[in-house]
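First the structure, in the form of structure tokens, and then the observations on it.
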Amino acid sequence: MTTKPPPTFIPAPEESIEKIAYNSVATIPTQEPNDQNRLGYHVWLWLSKQDGTLEDAVRVSKARTLIPAEEAVRIIREKLQEQGVQL
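Here the numbering used here is used: the first residue of the sequence shown is 5, the next is one more, and so on.
Here it is as structure tokens:
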């Protein structure tokens, strides 16, 4: 029995909205890595649609952060501004 090689992985460019969103949550301490991924996904949705607020995106993600939600929003907002996102 043979196995196929895994699919190739092409990382997103640094200036892509996906990379910006996930980089903005990279330093947020969470209970599990999936919480950080879910938070990054909701930040990406918020950046893509500009619907609601960043606070709403963090709340809706239900990510189990080890810091208060207000602190997470502040950190994400700072990281987004460092990457050139105008809020």
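Using N, Cα and C, we set each Cβ at its ideal position, and we do this for glycine too.
Verify whether the separation of the beta carbon atoms of residue i and residue j is less than 7 Å.
i: Leu84; j: Ser20; result: no
i: Gln90; j: Ile24; result: no
Roughly how far, in whole angstroms, is the beta-carbon of residue i from the beta-carbon of residue j, given that I think they are within contact range, below 8 Å?
i: Thr34; j: Arg68; result: 6 Å
i: Ala61; j: Val47; result: 6 Å
i: Ser65; j: Arg42; result: 5 Å
Roughly how many angstroms separate the alpha carbons of residue i and residue j, rounded to a whole number?
i: Leu70; j: Gly44; result: 15 Å
i: Pro79; j: Pro15; result: What sits at residue 79 in the sequence shown is Ile, not Pro. So the alpha carbons of these two residues sit roughly 24 Å apart.
i: Lys8; j: Gly56; result: 44 Å
i: Glu36; j: Thr6; result: 34 Å
i: Leu51; j: Phe13; result: 24 Å
Exposed or buried, residue i, counting other C-beta atoms within 10 Å across all chains shown (16 or more means buried)?
i: Ala76; result: buried
What does DSSP give as the partner residue(s) for residue i in the beta ladder?
i: Thr69; result: Thr34
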